[in-house]
């Protein structure tokens, strides 16, 4: 009975983070003037929080469901292909960050995990753009110089900055979210809080 209640508790709270992530997809902003179509939103922050709180598999699951929800309600100019690429990129970030935090449940562990996730995200974003998004959105292809600039400057810089923004906001708010998650005493041991390593 306790296990069932615990699973239900996780599902409900992960669903709340999923809903928050979906809402945040409506607020996005560009960060590189040279590539204005590359926009950051904070929808990955609740996904990261779910990974920290409930583990990497739950975090990736929330990212998948978030993109399915976005595709169902908002639609997609790419027919869902862009959402698949987004799942690969953000999912890899959340998985890597959550795996490190699962092993080292400290603030340093969270920061290290977020940094690793940001690094992992960059080559996957480059591959996703080269093989999926560029052929889709630029069927005629890009000029060689622009392609090099986009792949080897735009994508790495954008995703690193994006990773740092998501990581900074996520780590800043994790303790507050964790305190709400841990409100019920019998579940407290299941949800680690960030603390300084000694």
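Residue numbers (my numbering): 78 to 275.
Note that beta-carbon positions come from the ideal geometry of N, C-alpha and C, so glycine has one too.
Candidates the options: closest to residue i by CA position
i, options, result
"residue 113", "93, 227 and 82", "227"
"residue 187", "249, 236 and 93", "249"
"residue 251", "146, 207, 111 and 183", "183"
"residue 159", "84, 90 and 205", "205"
"residue 138", "153, 165, 151 and 152", "165"
Span separating the alpha-carbon of residue i from that of residue j
i, j, result
"residue 100", "residue 127", "16 Å"
"residue 43", "residue 148", "This structure cannot settle anything about residue 43, because the visible part of the chain is limited to 78 through 275."
"residue 141", "residue 168", "8 Å"
"residue 96", "residue 200", "29 Å"
"residue 189", "residue 238", "16 Å"
"residue 247", "residue 235", "18 Å"
"residue 223", "residue 191", "30 Å"
"residue 93", "residue 220", "44 Å"
"residue 208", "residue 105", "24 Å"
"residue 120", "residue 181", "25 Å"
"residue 244", "residue 86", "25 Å"
"residue 143", "residue 91", "11 Å"
"residue 110", "residue 82", "49 Å"
"residue 230", "residue 102", "25 Å"
Element boundaries [beta strand (DSSP E), containing residue i]
i, result
"residue 116", "116 to 118"
"residue 106", "105 to 107"
Range covered by the alpha helix (DSSP H) that runs through residue i
i, result
"residue 129", "121 to 131"
"residue 210", "Note, residue 210: premise wrong, no alpha helix (DSSP H); not H, not E."
"residue 224", "221 to 226"
"residue 112", "Careful: residue 112 lies outside any alpha helix (DSSP H) and carries neither H nor E."
"residue 170", "158 to 180"
Rounded Cβ spacing between residue i and residue j (contact assumed at less than 8 Å)
i, j, result
"residue 117", "residue 108", "6 Å"
Three or more C-beta pairs below 8 Å linking the segment 130 to 142 and the segment 170 to 180: yes
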